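In my numbering, the protein residues as written are 789 to 950.
Written as structure tokens, this is what we have:
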């Protein structure tokens, strides 16, 4: 079979088209690999706590007027024990990772028990303590305090909470 004769310009255009097609085919995966990014997705949020007052009903008045400092503590408390009586000078929140915690308010005698998977808003400037159950209790505590200031203050004669 014989092909009709092609002009030089037709050969050039054919070679150019073939080069572009081959080039695109070979560079397409490379271009995708270089410019691809993970798809955008929103996370799933389980809102565990949103309160303007503590577990015992005491409203939060205000935040400190100094520069804020956020801190987070993982606190492990042995089974069948009570933390020392103490106060928190700043708003804070807790989450029970393991076990149970019964918080006792010293002045009113009010108590409330929190179980694994529950969040609680701690009291500010109210004397209280936490008491554990049959197993150790592990808490995740977050504080909105100030640099250089304690997040927990024991009563006179009591040992530190942590």
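In this text, a Cβ means the ideal position worked out from N, Cα and C, and glycines have one as well.
Quantities reported herein were computed from a predicted structural model and do not represent experimental measurements.
Next item on the list: Alpha carbon to alpha carbon, how far is residue 905 from residue 837? Give it in angstroms, no decimals.
Entry: Here the C-alpha atom of residue 837 lies approximately 11 angstroms from the C-alpha atom of residue 905.
Check: What are the start and end residues of the beta strand (DSSP E) that includes residue 837?
Finding: No residue range can be given for residue 837, since it is assigned to no beta strand (DSSP E) and is classified by DSSP as neither H nor E.
Check: Are residue 893 and residue 916 touching if we call contact CB-CB under 8 angstroms?
Finding: Residue 893 is a Cβ neighbour of residue 916, given a cutoff of 8 angstroms.
Notebook entry, point to check: Do residue 848 and residue 912 have their C-beta atoms closer together than 8 angstroms?
Noted result: Yes, Cβ-Cβ distance for residue 848 and residue 912 is below 8 angstroms.
Margin query: Using only CA atoms, which one of 869, 844, 883 and 856 lies nearest to residue 920?
Written below: Residue 869 is the option with its Cα nearest to residue 920.
Margin query: Is the separation between the beta-carbon of residue 897 and that of residue 927 shorter than 8 angstroms?
Written below: No; because the gap between Cβ atoms is not below 8 angstroms, this pair is not in contact.
Note to self: Would residue 861 and residue 918 qualify as a contact pair, given that the criterion is a beta-carbon distance under 8 angstroms?
What the structure shows: Between residue 861 and residue 918, the CB-CB gap reaches or exceeds 8 angstroms.
Notebook entry, point to check: Closest by CA to residue 934, which one among 871, 856 and 940?
Noted result: The option with the nearest alpha carbon to residue 934 is 856.
Next item on the list: Just mark residue 909 as buried or exposed, buried being the case when its beta carbon has 16 or more other beta carbons within 10 Å.
Entry: Residue 909 comes out buried.
Notebook entry, point to check: Any idea if residue 830 is buried or exposed, counting beta-carbon neighbours within 10 angstroms, 16 or more meaning buried?
Noted result: Exposed.
Notebook entry, point to check: Per DSSP, which one or two residues make a beta bridge with residue 949?
Noted result: Residue 949 pairs with nothing; no bridge assigned.
Next item on the list: Pull up the DSSP beta-bridge partners for residue 893, would you.
Entry: BP columns for residue 893 point to 916.
Checklist line | Where the beta strand (DSSP E) containing residue 903 begins and where it ends | finding: According to the DSSP assignment, residue 903 belongs to the beta strand (DSSP E) that extends over 899 to 903.
Next item on the list: In the DSSP assignment, find the unbroken beta strand (DSSP E) run with residue 844 in it and report its ends.
Entry: That residue, residue 844, is in no beta strand (DSSP E); it is neither H nor E in DSSP.
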